[in-house]
Every structure is written in structure tokens, then in C-alpha cells.
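Below: the structure, in C-alpha cells.
2 protein chains.
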Amino acid sequence: MRKLSIKDIAAAAGVSHSTVSRALRGSPLLKPETVARIRQIAQEKGYTASAVARSLVTRRTQTIGVVVTTIADPFVAEVVGGIEEAANDRGYSVFLANSNAQPEREMKVVQSFAERRVDGIIVTSSRVGALYTPMLSNMKVPIVLINNQHPGEFVHSVMIANLEASRQAVQHLIALGHRRIGYLGDRFGYQSDTERFAGYREALDCAGLPFQPELVAHGDGRPEGGWAAMQKLLALPERPTAVFCYNDMSALGALRAVREAGLRVPQDISLVGFDDLFVAQFTDPPLTTVRQPKAQMGRLAMETLFELLEGAQAAQLLRVPGELILRQSTAPLAGHDRAAA
Amino acid sequence: MRKLSIKDIAAAAGVSHSTVSRALRGSPLLKPETVARIRQIAQEKGYTASAVARSLVTRRTQTIGVVVTTIADPFVAEVVGGIEEAANDRGYSVFLANSNAQPEREMKVVQSFAERRVDGIIVTSSRVGALYTPMLSNMKVPIVLINNQHPGEFVHSVMIANLEASRQAVQHLIALGHRRIGYLGDRFGYQSDTERFAGYREALDCAGLPFQPELVAHGDGRPEGGWAAMQKLLALPERPTAVFCYNDMSALGALRAVREAGLRVPQDISLVGFDDLFVAQFTDPPLTTVRQPKAQMGRLAMETLFELLEGAQAAQLLRVPGELILRQSTAPLAGHDRAAA
DNA sequence: CTGGTTTATGCATACGTTTCCAGATCGGGC
DNA sequence: GCCCGATCTGGAAACGTATGCATAAACCAG
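Heads up: the sequence lines are chains D and E, in that order.
Numbering-wise, my numbering puts 295 at position 295 of the first sequence, and it's gapless, one number per residue.
Numbering-wise, my numbering puts 201 at position 201 of the second sequence, and it's gapless, one number per residue.
Next comes the structure, spelled out in C-alpha cells:
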């Protein structure tokens with residue numbers, strides 16, 4: 001038994017297939033009773049319209065492609081949740097594809113999106129650099145990047161306000177009396193690392209604290225790298241009393257390194273993360289961190305895409321503020337009277 | 001400038017559009033040099049075939065729909081990662097949709113999948129019950145369920161071997177000398193809860209331990225519910241010395257409740273979870289739990305779907321084993337000599 | 001009753017592919 | 001030189017929908 005088409009139900013209703021098409025789309029040209037009758041019949045027969053045939057003629061698929069490094073990353077998953085929700089609200093479906101941070105794979109999935117004629121594309125935390133953009137921009141669909149890791153002005157993007165957020169985080173440490181504050185960054189030179197580092201520097205400058213290069217260490221954005229980087233900082237002749245970590249994943253590793261060294265957080269060392277992953281609430285101690293409004297960033301990206309699809313102007317770059325979440329991994333410097341800070 | 005079609009490049013090559021179609025698909029009918037020439041031209045002109053037009057005639061979209069409760073759930077995200085990977089390996093794209101555990105929304109997205117003519121559907125942790133299946137089965141596409149929460153034989157599914165895994169987890173506690181072992185379950189009566197509870201009972205029976213109803217409490221599968229349920233258990237005149245939690249999320253709440261009661265895990269109470277979420281490695285103490293091979297379950301579901309798509313028989317029910325991961329939230333019963341167990 | 005509007009419907013075409021069938025070209029055996 | 005088969009290519013129809021245009025029916029004013 002073939003899937004039924006508009007013609008089958010046209011035959012059943014004794015009208016032309018154009019009439020059926022109009023009835024189902026709710027055209028005002030038709031007599032209301034005709035519309036009702038046809039819909040009734042379609043319903044009874046269990047007819048479901050073919051979006052693919054529709055797309056062929058309308059040249060719109062009501063579909064967007066989302067490429068992520070890996071959906072298993074909790075940060076990414078929440079962003080995608082926001083995207084999907086916003087898309088679904090407007091009748092769009094989303095294609096999801098993992099790039100696994102491999103440029104060639106990212107190209108491949110974007111190619112596949114092009115063949116599927118998605119109306120737009122959202123890319124999160126792309127690590128694909130300059131070679132990337134020409135390809136993206138010569139396909140005719142609008143593209144929005146979320147927390148893009150390589151600077152570039154040509155496309156639309158929504159990003160966390162890295163500099164302000166990290167400045168605020170470090171200022172929090174300074175307010176607690178800390179003077180030797182480490183920065184645990186990412187060794188790959190991504191934009192978010194660069195910007196967060198800049199915020200760290202700014203906070204030091206504002207407080208008149210000297211920048212000490214030996215207090216900077218680089219991980220890989222994951223617990224393992226954070227662990228190794230933290231060990232270096234702990235091995236310093238004069239170790240930092242507080243460390244601002246590039247992201248929560250690094251902070252997890254850092255936390256472990258501190259504990260393994262027989263020290264306590266926050267009594268011996270204060271730790272701040274970035275992202276506010278779910279896990280941050282459940283570490284020991286719960287992690288002070290900068291919250292990124294992940295789902296909202298997803299929604300925002302989707303809404304930007306909608307504006308673009310409607311031919312409207314859209315902001316080239318949307319910066320959303322982070323929020324410092326105070327938990328128990330930060331404490332006043334031992335022997336420091338907070339009021340005196 | 002319109003997107004170019006097969007005809008545009010046919011004109012450029014001085015052949016018919018049928019020939020172009022064959023060249024691009026790699027038909028053996030064509031002279032190899034013709035194929036090469038046409039591909040060359042298509043390449044130069046930046047042609048990308050339209051999957052939607054193709055789908056219309058082939059009646060295959062090379063597309064599958066995945067419906068999840070919410071992609072923000074880390075468990076789900078990993079499963080979806082496995083699905084996407086397996087799909088992508090074979091040239092399939094995946095539509096992702098959140099149901100937010102609302103039946104009507106789940107219906108809606110499945111409807112939308114039907115319109116898009118997906119070749120198959122995968123549903124994870126569906127909480128939609130019986131009313132659901134007729135609809136699913138009368139659309140003609142194959143469906144596979146992952147960890148379905150309502151029993152039913154009509155469709156294909158892959159599930160974790162709940163009973164065996166939970167029996168093993170509880171036996172671990174028994175081996176540690178525990179005798180008063182609590183079960184912290186889910187109050188919604190899902191299949192996974194039922195089965196895990198059965199495993200708990202079996203383990204008690206095997207060890208000749210009495211089942212004590214007061215040692216069973218129900219949460220909601222999330223930290224809040226686990227927290228509340230654990231408080232009840234702690235308030236017992238004679239509290240359990242170990243608790244097996246239905247899932248890691250509940251265990252997180254339980255952990256917090258224990259700590260708030262001024263007790264220590266595992267010295268005062270041993271705790272076991274289920275799922276092995278990422279967070280389980282980073283709690284204090286790290287959580288002993290049953291690992292579900294999430295990505296693999298996703299792959300398996302996808303592969304089952306492929307078999308179905310090829311018209312092959314496929315197992316109605318695939319059970320994958322869990323794996324007990326020993327961490328630091330379980331310890332021998334205080335004053336108990338393990339060797340004597 | 002007639003002619004001109006308005007209203008409701010049907011016809012035909014287009015969207016961009018795939019694929020069946022027919023036709024053209026070519027080489028070779030007789 | 002002719003015919004046959006093999007090899008390659010083109011023509012045309014089909015997939016299921018949307019929509020511009022033509023047309024039929026109904027209405028109303030004169």
C-alpha cells in the first residue's frame with residue numbers, strides 16, 4: 001500500500017488535487033465547508049502531507065542544520081536544547097551533526113546540509129579556522145556561530161561576554177584578598193581563552209596587581225589537562241592562593257590536583273571555573289563559576305537565524321553577559337580580613 | 001542567482017540531464033571519460049545535488065528522526081551521540097526533537113517526522129504509554145525504542161539489562177557486609193524502576209536477607225527527589241547502612257542528604273547509583289555506580305534500524321549488560337570483616 | 001434578462017531528480 | 001556491404017506538492 005497523496009484524497013472528495021492542496025493549507029479562496037469536508041476526509045484516511053514534495057516547489061525546507069563538536073559535551077547539549085526549542089516553536093526541524101572537532105568532518109556535514117537544502121545553519125564552538133568561511137559563505141544560506149573559536153567578522157554570531165565575565169570572576173578573587181592569582185587556560189589559542197585571559201589581565205591591572213607570567217598555565221580544556229596544569233602551578237616556589245580556570249572541565253582537573261597534593265579548596269586555594277556545567281553543583285566543594293546562559297544562547301542564535309531568513313538585518317555579533325555564581329570553592333585569603341580589602 | 005540544477009550543468013557539458021544524473025551517481029553505463037568530464041564541470045560550477053528532489057523520486061530520505069525527552073539530559077546526550085555517529089557513517093542525517101516528556105508534544109514531533117518522510121525513528125526513554133503505539137505503528141516506518149519506560153512487545157527496542165545489573169550492584173553491597181540495604185526508586189512506576197527493584201529483591205533473596213518495605217523510598221529520578229527520599233530513609237529508627245539508588249541523579253540528591261545529616265559516605269552509609277553519568281566521577285566521594293554503555297546503545301539502536309530498513313529481521317529486544325563501576329561511595333560495613341562475609 | 005463582478009474551483013505547469021525505454025552509434029563477423 | 005549485438009546517450013514520465021491563470025457558477029444592479 002503506497003503512501004497516499006493529495007490526489008488520492010482529491011478523488012475521494014470528488015475535487016481536484018489543487019483544491020485539496022488549498023484546503024489543507026487553509027486557503028481563504030475556498031468555501032469553508034469545502035475546507036472542512038476535505039480535511040475531514042484527509043483525517044479519516046490518515047493522510048500526511050509530504051514535506052519533501054512541498055519543499056521542492058516552495059524552495060524552503062523549514063529545516064536548519066546544527067553542527068556541534070560533540071553532543072556528548074554537556075555545554076553543547078544545553079545550547080542545542082535551546083536551539084531545538086526555538087526552532088520547534090516555529091515549525092522548524094533541526095538536523096544535528098557531530099564534527100568531533102575534525103575539520104574535514106565538519107566540512108562533510110556542512111556539505112550534507114547543503115544537499116538537504118537546510119534554510120540555515122548554526123555552528124557551536126567551531127574550531128575550524130579561516131579556510132572554513134569561504135565555503136560557508138558561498139553556500140547561500142545564513143549561518144550563525146555560537147562561541148566561535150576563531151575571530152572573523154563575516155558571519156553572524158552570539159558569544160558570551162568573555163572579557164567582562166572573567167574580569168568579574170577575578171575581581172571576586174581580588175576582593176577576597178587574593179594577590180597571587182593564577183590563570184589556568186587553554187593551550188590551543190582559541191578566542192574564548194584569549195578573551196578570558198584578557199579579562200584576567202584587566203582585573204589585575206585595575207587592582208594594581210602585577211602580572212606574573214609564571215602564574216599562567218595551560219591545559220586542554222578537559223579535566224586531564226587541567227590536572228596537569230594545576231600541578232605545575234602547585235609546584236611553584238610560591239604557589240598561587242587562587243586560580244581562575246578557563247572552564248569548568250579544567251577546574252575539575254584542577255580540583256583533583258589540589259586534593260591529591262594534600263591541600264584543601266577553598267582553605268588553601270580558591271578555585272573559579274567558567275561555564276557552570278551541571279557538574280559544578282556537585283563537586284566537592286561546589287564550584288564557584290561563571291554561568292553561561294546556554295539554552296538562551298541557543299535560542300538567541302535561532303532567533304538571529306529567523307531574522308536572517310526573513311531578510312531582516314541582524315546583529316553581526318551578539319554578546320550575552322555571564323553571571324558569577326558563588327559557591328564554596330572560593331574563600332577569603334587565609335589571615336585576610338575581608339573588610340580591609 | 002538561482003541554485004543550479006542538473007540541467008544547468010547538462011547544458012554546460014552539452015549532454016542531457018539524464019547523463020549528468022548518471023555521471024554524478026557513478027553509473028557504470030557511462031563512458032568513464034564522460035563521467036570525469038561532467039564531474040569536473042559540476043565541481044567547477046559549485047553544484048550540489050538536491051537531496052529533496054532525489055528523495056521525492058527515490059522515496060527514501062536517508063534521514064532518521066530521534067525523539068528524546070530533553071537533549072540537555074546528559075544520559076540522553078550520550079545516547080544521541082552514538083546514534084548520530086552510526087547514522088552519519090552510513091550517510092544518514094538525523095533530525096533531533098525534544099518531547100520534554102509531554103505526550104502531546106511527542107505526538108507532534110512524530111507527526112512532523114512523518115511529514116518529513118524520515119526512513120525510521122528512534123525514541124529514547126519515552127514515557128508515553130499505550131495510546132502511543134497505535135499511532136507509531138500505523139505510520140509505515142520502522143521504530144526502535146531505547147530504554148522504553150512502558151512495556152510493550154510490538155516494537156523493537158534496546159534496553160539495559162536492568163535486573164541483572166541491579167542485582168549485581170546490590171550483591172556488591174551485600175558482599176561488603178551490609179544487611180540493611182535501602183532501595184531509592186522512582187515514584188512514576190517506569191519499567192526501569194520496576195526492573196531494578198526486582199533485581200534488588202533478587203539479590204536480597206539470594207543472600208537470604210529479608211525484604212523490609214520500610215527501606216524502600218521513592219524519588220523522582222532527579223536530585224531533589226533523591227534528596228527527599230533519602231531524608232525519609234535517614235529518619236528511620238534503624239536506618240539503612242547502604243542504599244541502592246535507581247539512578248545517579250537520585251544518588252546526587254541522596255549524597256547531599258547524607259552530608260546534611262552530618263553523616264559520611266561511605267563510612268556511615270554506602271551509596272550506589274545507576275547510569276554512570278559523567279558527574280559520578282567528580283562527586284565527593286566519587287560514586288560507585290552501574291555504567292550503561294550509552295553511546296553503544298545508541299549505535300545498537302541505529303544498527304537495528306538499518307537492519308529493519310534493509311528489510312531484514314531484527315531482534316525485537318536487545319538487552320545490553322551494565323557494568324558495575326567501583327568508586328569510593330561504597331565501603332565494608334563498619335566493624336565488618338570482609339573476609340567473613 | 002443581460003452584463004459585469006465576485007466567488008469558488010479546475011487545469012496546467014513547475015520544482016529537481018531518477019529511471020525506464022528507445023534510439024543512435026560503433027565494431028565486427030559473415 | 002549488411003546485419004547483429006554491444007555500448008552509450010537522450011527523451012519522457014514520474015515522484016507529490018504549490019500556484020498562476022482560466023473558467024464556471026452565482027449573484028446583483030440595471
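Built from N, CA and C at the ideal position, the CB exists for glycine as well.
Non-local C-beta neighbours of E:P321 in its own chain, meaning closer than 6 Å and more than five positions away in sequence, comprise A161, ordered along the chain.
Within its own chain, the residues whose Cβ lies closer than 6 Å to the Cβ of D:E202, once the five positions on either side in sequence are excluded, are R167, listed in chain order.
Residue pairing by DSSP puts E:L318 in a beta bridge opposite E:V158. Look at the stretch 44-58 of chain E: the residues with a C-beta under 8 Å from a C-beta of chain D are G46, T48, A49, S50, A51, V52, A53, S55, L56. Judged by their CB atoms, E:I121 and E:V141 are nearer to each other than the 7 Å cut-off.
The C-beta separation of D:D186 from D:Y246 comes to about 5 Å, placing the pair in contact by the 8 Å criterion. Contact annotation for D:P142 against chain E: no contact, minimum CB-CB distance about 15 Å [criterion: below 9 Å]. By the criterion of at least three beta-carbon pairs nearer than 8 Å, the stretch 278-298 of chain D is not in contact with the stretch 99-115 of chain D. The stretch 208-226 of chain E makes contact with the stretch 236-253 of chain E; the number of CB pairs closer than 8 Å reaches 3 or more. Taking 7 Å as the cut-off, the Cβ atoms of D:G65 and D:G298 do not count as close. The CB of D:V67 never comes closer than 7 Å to any CB in chain E; the least such distance is about 11 Å.
Taking the beta carbon of D:N88 as reference, the chain E residues within 8 Å of it are A97, N98, V109, listed in sequence order. Along the stretch 220-268 of chain E, the beta strand (DSSP E) occurs as fully enclosed runs of 3 or more residues at 242-245, listed in sequence order. Distance from the CA of E:N100 to the CA of D:G273, rounded to the nearest whole angstrom, comes to 29 Å.
Cβ-Cβ distances below 6 Å link E:A165 to V290, G322 in the same chain, with the five nearest sequence neighbours on each side left out; the list follows chain order. Each residue's CA atom was taken as its position, placing D:Q191 and E:A13 some 45 Å apart.
Neighbours of D:L252 in chain E, taken as residues at a C-beta separation under 9 Å, are given in chain order as Q281, F282.
Cβ proximity to chain E below 7 Å picks out F278, V279, F282, T283, D284 from the stretch 261-295 of chain D. The closest CA to that of E:E214, considering only E:A229, E:A207, E:V80, E:G208, is found on E:A229. Taking 7 Å as the cut-off, the beta carbon of E:H178 is found no closer than this to the beta carbon of E:T124. Contact holds between the stretch 254-273 of chain D and the stretch 168-177 of chain D, because three or more Cβ pairs, one in each stretch, are under 8 Å apart. The beta carbons of D:A301 and D:V144 sit closer together than 7 Å. By the CB criterion at 7 Å, D:R127 and D:Q102 fall outside the cutoff. Membership of D:V123 in the beta strand (DSSP E) is indicated by the continuous run 120-124. With a threshold of 7 Å between beta carbons, E:P28 makes no contact with chain D.
E:F244 counts as buried, since at least 16 other C-beta atoms from the protein chains shown sit within 10 angstroms of its C-beta. Contact of E:P74 with chain D is assigned, a C-beta pair being separated by under 7 Å.
Identification of chain D residues near E:A114 by a Cβ-Cβ cut-off of 7 Å yields T48, ordered along the chain.
Between E:S21 and E:I41, the gap from beta carbon to beta carbon reaches 7 Å or more.
Close to E:E78, with beta-carbon spacing below 7 Å, are these residues of chain D in chain order: A72. D:N98 sits close to E:E84, with the two beta carbons spaced by under 7 Å.
What D:G81 touches in chain E, judged by beta-carbon distance under 8 Å, is T70, I71, A72, N98, going in chain order. Closest in alpha carbon position to D:F75, among D:F282, D:A295, D:Q43, is D:A295. Judged by beta-carbon spacing, D:L308 lies within the 7 Å limit of D:A314, meaning their Cβ atoms are closer than that value.
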